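Heads up: the structure comes next, in structure tokens.
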Amino acid sequence: MDQVTGLRCRECGREFPVEALHVCDFCFGPLEVAYDYEAIAAIVTRERIAAGPRSIWRYRDLLPVDDAAPVDLGAGFTPLVRADRLAAELGLGELWIKDDTANPTGSFKDRVVSVALTKARELGFKVAACASTGNLANSVAAHAARAGMASVVLIPSDLEAAKITMTSVYGGTVVAVDGTYDDVNRLCAELTSEHPTWAFVNVNVRTFYAEGSKTLAFEVAEQLGWQAPDHVVVPIASGSQLTKVAKGFAELGRVGLLGEVPSVRISGAQAAGCSPVATAFAEGTDAIRPVKPSTIAKSLSIGNPADGWYALQAIRESGGACAAVTDDEIVEGIRLLARTEGIFAETAGGVTIATLAKLAAQGVVRRDERVVALVTGHGLKTVEALAGVVRPTVTIAPTLDAFDAAVGSLSGLDGASGAPGAADPVPSTVTPAATTQEEPTR
Amino acid sequence: MSVSVRVPAQLRTLTGGVGEVQVEATTVGEALKALDVAHPGFAERLFDSAGELRRFVNGFVADEDVRFLDGLATPVAEGQVISVVPAVAGG
Chain X
214 MDQVTGLRCR ECGREFPVEA LHVCDFCFGP LEVAYDYEAI AAIVTRERIA AGPRSIWRYR
274 DLLPVDDAAP VDLGAGFTPL VRADRLAAEL GLGELWIKDD TANPTGSFKD RVVSVALTKA
334 RELGFKVAAC ASTGNLANSV AAHAARAGMA SVVLIPSDLE AAKITMTSVY GGTVVAVDGT
394 YDDVNRLCAE LTSEHPTWAF VNVNVRTFYA EGSKTLAFEV AEQLGWQAPD HVVVPIASGS
454 QLTKVAKGFA ELGRVGLLGE VPSVRISGAQ AAGCSPVATA FAEGTDAIRP VKPSTIAKSL
514 SIGNPADGWY ALQAIRESGG ACAAVTDDEI VEGIRLLART EGIFAETAGG VTIATLAKLA
574 AQGVVRRDER VVALVTGHGL KTVEALAGVV RPTVTIAPTL DAFDAAVGSL SGLDGASGAP
634 GAADPVPSTV TPAATTQEEP TR
Chain Z
17 MSVSVRVPAQ LRTLTGGVGE VQVEATTVGE ALKALDVAHP GFAERLFDSA GELRRFVNGF
77 VADEDVRFLD GLATPVAEGQ VISVVPAVAG G
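For the record, the sequence lines run as chains X and Z.
Heads up: the first sequence begins at 214 in the working numbering, then just goes up one per residue.
Heads up: the second sequence begins at 17 in the working numbering, then just goes up one per residue.
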């Protein structure tokens, strides 16, 4: 039994029943799931959550579904990794990486899709559909296969090869469209009117879909020993994720899982080649002007972000900031995270890390803050971004002489790799003293 | 000149279920106002108090967002299609 009381328009406040509705039929404002928070507060406890599955479904009291058997590939409860080496490079103190590359299809989209398809099935839909920059496509195709639903996925035809393969392998219908994501999204919005029996996860079931992103905030707080961080850095595409991370922290306070509604600064990260929200933030305006995207960060290439305005409000209200980084900085961000923490992120992760670096250098993200950066997708999805940038150090014949000639002379290896026990101590990557729970691993 | 306006499902209650309406207009703004004359109720849904498209309403002419063109002043040619589409999230 869920605790949803209905759907409510964020713009004009009109109320609607729990159906596959995504916009207010009066003002076109987005609809938001409304909950009975008193009823949730009466049942939810940290112990009840801890006894749940190691997935987003441990937070089901705060998700808009009834179904006791969700459409589930195991999304969520990804590692929260203490990042001391990266923190040292950036001049920060306590830094954590929320490693959502560890999700079943390699991105945070599994969180939202698991919720969306569970709700879609509950509402009687047999077909799952979406417009996608790639990660959503992967996840919808996979979860639809898991649920035994048909799928129709629309993507821009110039997506990275891995994202196209990862979508096509699951056997659904994949439609590559010659156009930008914004073109695909517009087509999808029109298709929604013509195919009302299909659940377009980011259109007519978006109201439920978007709620899945709250679990990022829930997990971060739980993994920090039920404490909120001071500052979270979140990538922005449509702006939905950032908005829902803010909602997630607020809900934890509201239902009593944190002592009070926490004060968490939320900062946004965009690519310079698609930065309508960062531009509005820099100019101090409310108006988000659409742009034509041109960046290697294709998963963030939404030139007309539907929730951009709400993301901007959440950033400003929380005392955060929003910045944009160039493609070169994105590649450097990917390499920096990999080199310092052993996490291989896709281009969107490079955007997050490069923006974190920029905001740290500006003193916006501070050394005295407990900081969490969301790394939302796996690097294997966007290897094109590193073509010609990283490669084998040397290529040799299979002989000792060749090895010695090529590698033996490389400086630093022998000093760093000494005898067992003589090496540098490995920096601690365990959870803070406040939490003695086991490290979240998968 | 005669142009068509594609109406999203959310607003078809105003058109008796019809998804495409023919109107006479030379600009996007004129077309949407003509739509309101033919089927009253569109104007208050599509326009804000300043007479601009509401924040979550997108207009397209020949599949191009009118915000990249001249907004409501964007000219339309005989037989062109104007789409009214609610903003959607995704990624």
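Built from N, CA and C at the ideal position, the CB exists for glycine as well.
Here the structure is a predicted model, which means the values were calculated and not measured.
Legend entry - CA nearest to the CA of X:Val365, picked from X:Asp371, X:Glu373, X:Lys339, X:Ala255: X:Lys339
Legend entry - Residue range of the beta strand (DSSP E) that includes X:Ala374: It is not in any beta strand (DSSP E) - X:Ala374 instead sits in the alpha helix (DSSP H) that spans 374-381.
Inset, instruction - Answer with buried or exposed for X:Ser268, where buried requires no fewer than 16 other C-beta atoms within 10 angstroms of its C-beta. - result: buried
Inset, instruction - Identify each residue in the region 236-262 of chain X for which the Cβ-Cβ distance to at least one residue of chain Z is less than 9 Å, and report them in chain order. - result: Val236, Cys237, Asp238, Phe239, Cys240, Phe241, Gly242, Pro243
Inset, instruction - Could you check how far apart the C-beta atoms of X:Val236 and Z:Phe72 are, in whole angstroms? I think they sit under 8 Å. - result: 7 Å
Legend entry - 9 Å Cβ cutoff, Z:Thr31 in contact with chain X: no
Inset, instruction - Give a yes or no on whether 9 Å exceeds the smallest Cβ distance from Z:Val44 to chain X. - result: no
Legend entry - Interface partners of Z:Gln38 on chain X, CB under 8 Å: Result: empty, since nearest Cβ-Cβ is about 18 Å, beyond 8 Å.
Inset, instruction - Alpha carbon to alpha carbon, how far is Z:Val77 from Z:Ala54? Give it in angstroms, no decimals. - result: 20 Å
Legend entry - Near-chain Z residues of the region 305-320 of chain X - C-beta to any C-beta below 8 Å: none
Inset, instruction - Would you tell me roughly how many angstroms separate the C-alpha atoms of X:Asp499 and Z:Arg61, rounded to the nearest one? - result: 21 Å
Legend entry - Proximity test, Cβ basis, 9 Å: X:Val643 and chain Z: Any answer about X:Val643 is weak, because its pLDDT of 39 lies below 50 and its placement is not dependable; what the coordinates show is given next. So no, X:Val643 is outside the interface.
Inset, instruction - Flag X:Val588 as yes if its beta-carbon sits less than 9 Å from any beta-carbon of chain Z, otherwise no. - result: no
Inset, instruction - Could you please give me the residues that DSSP links to X:Glu228 through a beta bridge? - result: X:Arg221
Legend entry - Segments assigned beta strand (DSSP E), at least 3 residues, entirely inside the region 329-409 of chain X: 340-344, 363-369, 386-390
Inset, instruction - Return yes when the C-beta of X:Val390 is under 8 Å from any heavy atom of the ligand SAM, and no when it is not. - result: Ligands are entirely absent from the displayed structure, and the ligand SAM is therefore not among its contents.
Legend entry - Beta bridge counterpart(s) of X:Gly486 as assigned by DSSP: Answer is none; X:Gly486 lacks a bridge partner.
Inset, instruction - Just grab the DSSP bridge partners of X:Cys535 for me. - result: X:Gly481
Legend entry - Nearest-angstrom beta carbon gap, X:Ala485 and X:Trp539 [assumed within contact, 8 Å]: One point to set straight first is that residue 539 of chain X is Thr, not Trp, in the sequence displayed. Correct: roughly 5 Å between the Cβ atoms.
Legend entry - Within chain Z, the residues that X:Ser364 reaches when beta carbons sit closer than 7 Å: Within chain Z, no residue comes near X:Ser364; the closest Cβ sits about 15 Å away, beyond 7 Å.
Legend entry - Residue range of the alpha helix (DSSP H) that includes X:Leu256: Before going further, note that residue 256 of chain X is Ile rather than Leu in the sequence given. Its alpha helix (DSSP H) spans residues 250-256.
Inset, instruction - Could you tell me whether the Cβ of Z:Phe76 comes closer than 9 Å to any Cβ of chain X? - result: yes
Inset, instruction - Answer yes or no: does any C-beta atom of chain Z fall closer than 9 Å to that of X:Arg324? - result: no
Legend entry - Contact set between the region 78-106 of chain Z and chain X, restricted to residues whose Cβ is under 8 Å from the partner: Asp79, Asp81, Arg83, Phe84, Ser99, Val101, Pro102, Ala103, Val104, Ala105, Gly106
Legend entry - Pair within 9 Å by beta-carbon distance, X:Gly469 and X:Val257: yes
Inset, instruction - Grab me the residues of X:Ala619's own chain with a C-beta within less than 6 Å of its C-beta, minus the 5 sequence neighbours each way, in chain order. - result: Val607, Ile609
Legend entry - Classification of X:Glu424 by the beta-carbon crowding that lies within 10 angstroms, buried from 16 upward: buried
Inset, instruction - Excluding the 5 residues preceding and the 5 following X:Val474 in the sequence, name in chain order all residues of the same chain whose CB lies nearer than 7 Å to its CB. - result: Ala463, Gly466, Arg467
Inset, instruction - For X:Glu403, return the contacting residues in chain Z, with the cut-off set at a CB-CB distance below 8 Å. - result: Arg22, Pro24, Ser99, Val101
Legend entry - Close-in-space but distant-in-sequence residues of the same chain around X:Ser370 (CB under 7 Å, 5 per side omitted): Ala389, Val390, Asp391
Legend entry - Endpoints, the beta strand (DSSP E) within which X:Ala586 is located: 583-588
Inset, instruction - Excluding the 5 residues preceding and the 5 following X:Arg334 in the sequence, name in chain order all residues of the same chain whose CB lies nearer than 8 Å to its CB. - result: Asp280, Val284, Ala360, Met362
Inset, instruction - Could you tell me whether the region 514-521 of chain X touches the region 552-567 of chain X, where touching means 3 or more Cβ pairs closer than 8 Å? - result: no
Inset, instruction - Tell whether a beta-carbon distance below 9 Å holds between X:Thr568 and X:Ser320. - result: no
Inset, instruction - Report the option in X:Pro611, X:His591, X:Glu542, X:Ala600 whose CA atom is closest to the CA atom of X:Lys311. - result: X:His591
Legend entry - Proximity test, Cβ basis, 9 Å: X:Lys332 and chain Z: no
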